[in-house]
Each structure stands twice: as structure tokens, then as C-alpha cells.
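Colleague: Residues in the sequence shown are numbered consecutively from 38, following the working numbering. Ideal placement from N, C-alpha and C gives every residue a C-beta, glycine not left out.
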Amino acid sequence: MPATAALIGGGVNLVGGLIKGIVGGGQRRRGRNLLNSLQYPTESIPQEEYQNQQLAQQQAASGLPSEQYNNAMRDIQRQQMTAIRNAHDRRGGLGLISTIQQGSNDATNNLNAQDASLRLQNQRNLMNVNNQLAGWKDKVWQNNVLNKYNRDYAYGMGLVGMGNQNFIGGVDQALSGVGQGIYGATMNPNKLLPQYIY
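1) So GLY218 packs on GLY68, CB below 8 Å; how close in whole Å?
2) Which same chain residues end up closer than 6 Å to ALA211 when comparing Cβ atoms and leaving out the 5 residues on each side of it in sequence?
3) Taking the C-alpha atoms as reference points, what is the distance between LEU157 and VAL166?
4) State the CB to CB distance for the pair LYS242 and GLY206, rounded to an integer number of angstroms; the pair is presumed to be in contact (CB under 8 Å).
5) Can you grab the Cα-Cα spacing for the pair GLN88 / GLN160, in whole Å?
6) Assuming VAL197 and ARG65 make a contact with CB atoms under 8 Å, what is their CB distance in whole Å?
7) Nearest CA to the CA of GLN169: which residue from PRO83, GLN117 and ARG115?
8) Nearest to ALA150 by alpha carbon, out of ALA109, THR119 and SER74?
9) Can you confirm whether the segment 112-120 touches the segment 132-144 when touching is taken to mean that 3 or more C-beta pairs between the two stretches lie within less than 8 Å?
10) Would GLY216 pass as a contact of GLY48 if the rule is Cβ separation under 8 Å?
11) Use the C-beta contact count for ASN107: other C-beta atoms within 10 angstroms, 16 or more gives buried, fewer gives exposed.
12) At the level of alpha carbons, what is the spacing between ASN181 and ASN201?
13) Kindly list the residues whose CB is nearer than 7 Å to the CB of GLY62, restricted to its own chain and excluding five residues on each side of it in sequence; keep chain order.
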């Protein structure tokens, strides 16, 4: 009876070990497939940073809107013409021409300074907006791409580790079952083994 129990126990361990080994092999295969399918995410410099660079290079190209600038220049010219007309009506009007011209030059210089100042202000504002957008893109990339990759990578490595552990455990259990069966067979060789072995 103990020999039969040992054989049955050995058979059960052998079958259990085989099942565990098959499950472990499947886990390892799934883990390796997952790891092989993962593509490491790469990040490039956000396009907005390039736009900031281009805008910085083009700062001299824009300022006040052209219509606003042209209207201001027409106003300066109108005031200049009005002042020149009024100067002709007075005595010593020619002496006022240089003063009128200086006033027009000062007004034009002020307009150009406002244009340059507004141009810089607009460019800096757009650069700040682009930097904020680039920051958001980086956060989205971290959350949607990198974190998902890291999570899948850890899961794949876990599957491979569990598969290795189950496979080795299955082989160990199967070998134990074979050993248990051999032990049971040797306990009462006359009942279990054919006579020609002896």
C-alpha cells in the first residue's frame, strides 16, 4: 500500500509540475512578447521652443500694427502741415519751421520707440505662452507616454520573473514526483515492476 501511495503521489506531483511548468512557460512567453513590443518613448525639443527662437530673430520685423503706425504717421504729418500753414500767417514764420520740424522728428521718434517697445512686449508675451504650452506638452508626454511605458515594462518584467519562478517550480515538482514514483516502485519491486528487471 505505501508503494502504491508513493506512486500515486509521484504521479500527482509529476502532473502538477508539468502544469506549473507549462503555465510558467506561458507567462514567460507573454512577458517577453510584451517587452519585445514595447518601444522606448523618445522626446524631442518642443516645436514652440523653435518658434521662440524664430520670433526672437524676427523681433525687428513687427511692432505696432501697420495700420495703427500709419495712422499715427499721418497724424504727425497733418500736425506738421497745420503748424507750417499757421507759421506762414505770422511774422517770423520761417523761424518756426525748424521748431516745427524738431517737433515732428520728436513725435516720429516717440512713435518708433512705442513701436519697438510694443514689438518686444508682444514677442515676450508670445514666448511665454509658447513656453507654457511646451510645459503642458511635456506633462502630457510624461503622463501618457513615459508612465505607461514604465508601467508596461514593469508588468512585462514581472511576468517574465513569475514565469521563470513557476517554470523552475514546475520542473522541481515534476522531478520530485518522478523521484517519489521511483521510491514507491523500489519499495515492493515484486508487485510493481515486471519480473524481467531482476
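Modeller: The relevant details are as follows:
1) Against the sequence shown, residue 218 aligns to sequence position 181. Against the sequence shown, residue 68 aligns to sequence position 31. Taking 8 Å as the upper bound for CB-CB distance, GLY218 and GLY68 are not in contact here, some 32 Å apart.
2) Here residue 211 corresponds to residue number 174 of the sequence shown, with the count starting at 1. Contacts found: LEU51, GLY54 and LEU55.
3) For the purposes of this step, residue 157 is identified with residue 120 of the sequence shown, where counting begins at 1. For the purposes of this step, residue 166 is identified with residue 129 of the sequence shown, where counting begins at 1. Spanning the two alpha carbons is a distance of roughly 14 Å.
4) The displayed coordinates of the chain run from 38 to 235. Any statement about residue 242 would go beyond what the structure contains.
5) Here residue 88 refers to the residue found at position 51 of the sequence shown. Here residue 160 refers to the residue found at position 123 of the sequence shown. Looking at the two C-alpha atoms, the distance is approximately 11 Å.
6) As a first step, residue 197 is located in the sequence shown; it is residue number 160 there, counting from the start. As a first step, residue 65 is located in the sequence shown; it is residue number 28 there, counting from the start. Correct: roughly 6 Å between the Cβ atoms.
7) Counted from its first residue, the sequence shown places residue 169 at position 132. That would be PRO83, whose Cα lies nearest to the Cα of GLN169.
8) Numbered from 1 along the sequence shown, position 113 holds the residue referred to as residue 150. That would be ALA109, whose Cα lies nearest to the Cα of ALA150.
9) Yes, the segment 132-144 is in contact with the segment 112-120.
10) In the sequence shown, the residue the question calls residue 216 occupies position 179. In the sequence shown, the residue the question calls residue 48 occupies position 11. Against a cut-off of 8 Å, the Cβ pair of GLY48 and GLY216 comes out as no contact.
11) By 1-based counting over the sequence shown, the position of residue 107 is 70. Exposed, since its Cβ has fewer than 16 Cβ neighbours within 10 Å.
12) Taking the sequence shown and counting its residues from 1, the one referred to as residue 181 is at position 144. Taking the sequence shown and counting its residues from 1, the one referred to as residue 201 is at position 164. Distance from the CA atom of ASN181 to the CA atom of ASN201, rounded to whole angstroms, is 30 Å.
13) Here residue 62 refers to the residue found at position 25 when the sequence shown is read from its first residue. Cβ neighbours of GLY62 beyond the five flanking positions: GLY200 and PHE204.
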